[in-house]
Amino acid sequence: MVEAIGSATSQQIKPIKKDNSIDWKNCTAGEIREYEKEGQEVPDYILQWAQEIEKIESAPDDITYEMAVSSNLMQGAPQAVNSEQANEEAQKVEGTEAAENPSVAKALKTSLDNNNVSITEQGRIFMDTSNQYNDEISQAMQEMEGYLAQSEAAVEAAENTKNDILSRVQSLIERKNSLKAKKGDTAAILESQRLSNQIKSIGQEGLSAISNSAMPIDNTANIISNAQYTSSTGREVGAQTVSIGEQMPNGMPIISMKQFVINAGEAVIEKSTAGDAQFTQNQQENNDFGTLVAGKKAEVSRATGASEKSETEETEGSEDENNAEENNNSTVKDAEQDQIKSESDTKQNELAEQTPETIDEKITTDPNEILKRKERRGLA
């Protein structure tokens, strides 16, 4: 069941719609889920509550969100509670925790009361629900190792991607560094800029690949969060089950229905306590995997100058790269034109030295030329 909830994150994302006229507190769990399937923007805590209600096999169809937040969890104080832990859990739910979070157990109890369901039948329903949560928490605890293995594999994939990217850019970085000595060389400057863009592009490719390979870590995080909510709900259901069991009449058999109900409630409270401890540890392990992947990204960023971008930034970045390429091409053309102009000026200067005016001036004023003329005329 936890896996089914977690897998919802990998489904195709629907366009979000927001209808402010919807009165969520008067919606049943089924109606809330229908709105969500239609693409309505449902508050996260309400949607999670509705998903949890849907899981309860014995839950009436008329349970509304208002039932989860408007009435006291315990309908009638138990005369005596055998389980001290159950009593503590009930008090916890009645306090600030219940005020902040919608209670599945509260909604179920209110619905049964509104439908005039007998205390004995309520005990049977809550016993079955406690057993259901006991099984779900146990299943989640068993499956968690597999999800963490996927997260660990994601770290290995990120490491391989990082190594591949650094290997690809190493020679490019060396070539770029070799051009630093050629200061003032237009061609070297342009080549260095081209190499920088290429290195950054490869780095961006690597960051995207690492992000994709890290998706199992995000998926595991969602699954752990759902498991924690299931465990917390199971604890509330268990506390309510014990309370109802204490209100049931004593039966004739050696082990009466009343005791079965109480035992089921106490069992799921115990299972929830174990689940909470494991899921907290699992969450820390998964967070550590996420930190390792972030470190791989940081290495790629430092080596290539690339950075992760949002979809909007990627579009803008693509435009910037195109503009940069156009500017680069323009710079190349300007440099070529400057070189052509320089060569043209040089040729014109050389040609000017051979013009008649220059020759006449040289003959008239050059002492060597004057001496040669005198020698030819026999005057020297």
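Quick note on the working numbering: the sequence shown kicks off at 26 and runs consecutively. Every residue, glycine too, gets a C-beta built ideally from N, C-alpha and C. These numbers come from a predicted model, not from an experiment.
Next on the checklist: Could you check whether glycine 300 and valine 480 sit closer than 8 Å to each other, using their CB atoms as the reference points?
Outcome noted: The chain is shown only over 26 to 405; residue 480 falls outside these bounds and no answer can be derived.
Item to check | Nonlocal neighbours in the same chain, by C-beta distance under 8 Å from threonine 297, ignoring five residues either side | outcome: Taking the sequence shown and counting its residues from 1, one reaches residue 297 at position 272. In the sequence under discussion, the amino acid at residue 297 is serine, which differs from the threonine named in the question. Tyr158, Ile162, Ser256, Ser257, Gly259, Arg260 and Gly263.
Item to check | Cβ neighbours of methionine 169 in the same chain (closer than 6 Å, five flanking residues each side left out) | outcome: The residue labelled residue 169 in the question sits at position 144 within the sequence shown. Excluding sequence neighbours, methionine 169 sits near Asn307.
Checklist entry - For glutamate 199, which of Lys80, Val318, Ala328 and Arg149 has the nearest alpha-carbon? => result For the purposes of this step, residue 199 is taken as residue 174 along the sequence shown, with counting starting at 1. Per the Cα distances, Ala328.
Checklist entry - Quick one, are the C-beta atoms of glycine 228 and glycine 320 less than 8 Å apart? => result As a first step, residue 228 must be located in the sequence shown, where it is residue number 203. As a first step, residue 320 must be located in the sequence shown, where it is residue number 295. The answer is no: Cβ separation not under 8 Å.
Next on the checklist: I'd like the ranges of any alpha helix (DSSP H) spanning at least 4 consecutive residues and lying wholly in the stretch 63-91.
Outcome noted: 69-80
Checklist entry - Thinking C-beta only, is lysine 187 closer than 8 Å to glutamate 79? => result Locating residue 79 in the sequence shown gives position 54, where the first residue counts as 1. Locating residue 187 in the sequence shown gives position 162, where the first residue counts as 1. No. Outside cutoff.
Checklist entry - Can the beta-carbon of glycine 270 be found closer than 8 Å to that of glycine 148? => result The residue given as residue 270 occupies position 245 in the sequence shown. The residue given as residue 148 occupies position 123 in the sequence shown. The answer is yes: Cβ separation under 8 Å.
Checklist entry - CA-CA distance, isoleucine 179 and glutamine 195? => result The residue you call residue 179 lines up with position 154 of the sequence shown. The residue you call residue 195 lines up with position 170 of the sequence shown. Per the sequence shown, the amino acid found at residue 179 is alanine instead of isoleucine. Computed Cα separation, rounded: 24 Å.
Checklist entry - Counting only runs that start and end within the stretch 139-206, where is the alpha helix (DSSP H) found for 4 or more residues in a row? => result 144-203
Next on the checklist: Suppose the cutoff is 7 Å on Cβ atoms and the five residues either side in sequence are ignored; what does the same chain contact list for aspartate 87 look like?
Outcome noted: Within the sequence shown, numbered from 1, the residue matching residue 87 stands at position 62. Closer than 7 Å at the Cβ level, and outside the excluded window around aspartate 87, lie Thr53 and Ser136.
Next on the checklist: Just to confirm, is the Cβ distance from threonine 89 to glutamine 175 under 8 Å?
Outcome noted: Within the sequence shown, residue 89 is the residue found at index 64, counting from 1. Within the sequence shown, residue 175 is the residue found at index 150, counting from 1. No, the pair does not count as a contact, with Cβ atoms beyond the cut-off.
Checklist entry - Would you report the Cα separation of isoleucine 81 and asparagine 288, rounded to the nearest angstrom? => result Residue numbering aside, residue 81 sits at position 56 when the sequence shown is read from its first letter. Residue numbering aside, residue 288 sits at position 263 when the sequence shown is read from its first letter. Looking at the two C-alpha atoms, the distance is approximately 19 Å.
Checklist entry - Nearest to glutamate 409 by CA position, among Lys283, Ala75 and Pro241, is which residue? => result Coverage of the chain is limited to positions 26 through 405, which leaves residue 409 absent and any answer about it impossible.
Checklist entry - Nearest to serine 238 by alpha carbon, out of Val318, Phe304 and Lys134? => result For the purposes of this step, residue 238 is identified with residue 213 of the sequence shown, where counting begins at 1. Comparing Cα-Cα distances from serine 238 to each of Val318, Phe304 and Lys134, the minimum goes to Val318.
Next on the checklist: Tell me which residue opens and which closes the alpha helix (DSSP H) that asparagine 433 is part of.
Outcome noted: Residue numbering for the chain in the displayed model covers 26 to 405; residue 433 lies beyond these limits and cannot be assessed.
Checklist entry - What do you get for serine 192, buried or exposed, if any count of 16 or more other CB atoms within 10 angstroms of its CB means buried? => result Working through the sequence shown from its first residue, we reach residue 192 at position 167. Classification of serine 192: exposed, given that the 10 Å Cβ count is below 16.
Next on the checklist: Please report the distance separating the alpha-carbon of asparagine 312 from that of methionine 152.
Outcome noted: Residue 312 sits at position 287 when you count from the first residue of the sequence shown. Residue 152 sits at position 127 when you count from the first residue of the sequence shown. Whole-angstrom Cα-Cα distance: 36 Å.
Item to check | Spatial distance of aspartate 69 from isoleucine 144 (CA atoms) | outcome: Locating residue 69 in the sequence shown gives position 44, counting from the first residue. Locating residue 144 in the sequence shown gives position 119, counting from the first residue. The straight-line gap from Cα to Cα measures roughly 33 Å.
Item to check | Segment limits, alpha helix (DSSP H) that includes proline 241 | outcome: Start at 1 with the first residue of the sequence shown, and residue 241 comes out as number 216. 240-272 is the span of the alpha helix (DSSP H), which, as asked, contains proline 241.
Next on the checklist: One question on the structure: do glutamate 333 and serine 236 come within less than 8 Å of each other, judged by their Cβ atoms?
Outcome noted: Walking along the sequence shown from the start, residue 333 turns up at place 308. Walking along the sequence shown from the start, residue 236 turns up at place 211. In contact: glutamate 333 and serine 236 (Cβ atoms closer than 8 Å).
Item to check | Cβ-Cβ distance between tyrosine 254 and glutamine 65 below 8 Å | outcome: Position 229 of the sequence shown holds residue 254. Position 40 of the sequence shown holds residue 65. Result no, Cβ atoms of tyrosine 254 and glutamine 65 do not sit closer than 8 Å.
Checklist entry - How about alanine 130 and alanine 252: are their beta carbons less than 8 Å apart? => result Within the sequence shown, residue 130 is the residue found at index 105, counting from 1. Within the sequence shown, residue 252 is the residue found at index 227, counting from 1. The answer is no: Cβ separation not under 8 Å.
Checklist entry - For asparagine 185, which option in Asn45, Thr211 and Lys322 has the closest C-alpha, if you only look at C-alpha atoms? => result As a first step, residue 185 is located in the sequence shown; it is residue number 160 there, counting from the start. Nearest C-alpha to asparagine 185: Lys322.
Checklist entry - Taking the alpha-carbon positions, what's the arginine 58 to lysine 225 distance? => result Against the sequence shown, residue 58 aligns to sequence position 33. Against the sequence shown, residue 225 aligns to sequence position 200. The alpha-carbon separation between arginine 58 and lysine 225 amounts to approximately 45 Å.
Checklist entry - What's the gap between the Cα of asparagine 51 and the Cα of valine 142? => result Residue 51 sits at position 26 when you count from the first residue of the sequence shown. Residue 142 sits at position 117 when you count from the first residue of the sequence shown. Annotation: asparagine 51 to valine 142 spans about 21 Å, alpha carbon to alpha carbon.
Next on the checklist: On the CB-based measure, 16 or more other CB atoms within 10 Å of its CB, does glycine 231 come out buried or exposed?
Outcome noted: The residue given as residue 231 occupies position 206 in the sequence shown. Label assigned to glycine 231: buried.
Checklist entry - Just curious, the alpha helix (DSSP H) that aspartate 210 is in, first and last residue? => result Translated into positions along the sequence shown, residue 210 becomes position 185. First-last for aspartate 210: undefined, no H or E at that position.
Checklist entry - Alpha carbon to alpha carbon, how far is glutamine 100 from isoleucine 242? => result As a first step, residue 100 must be located in the sequence shown, where it is residue number 75. As a first step, residue 242 must be located in the sequence shown, where it is residue number 217. Confidence in glutamine 100 is poor, its pLDDT being 37 and thus under 50, which makes the residue's placement too unreliable to answer from.
Item to check | Buried/exposed call for glutamate 77, threshold 16 Cβ in 10 Å | outcome: The residue you call residue 77 lines up with position 52 of the sequence shown. Its Cβ being crowded by 16 or more others within 10 Å, glutamate 77 is buried.
Next on the checklist: So the candidates are Asn139, Val67, Ser326 and Ile47; which of them puts its Cα closest to the Cα of methionine 92?
Outcome noted: As a first step, residue 92 must be located in the sequence shown, where it is residue number 67. If we check each option's Cα against that of methionine 92, Asn139 comes out closest.
Next on the checklist: Give me the DSSP bridge partner(s) of threonine 53.
Outcome noted: The residue labelled residue 53 in the question sits at position 28 within the sequence shown. Its beta-bridge partners are Thr89.
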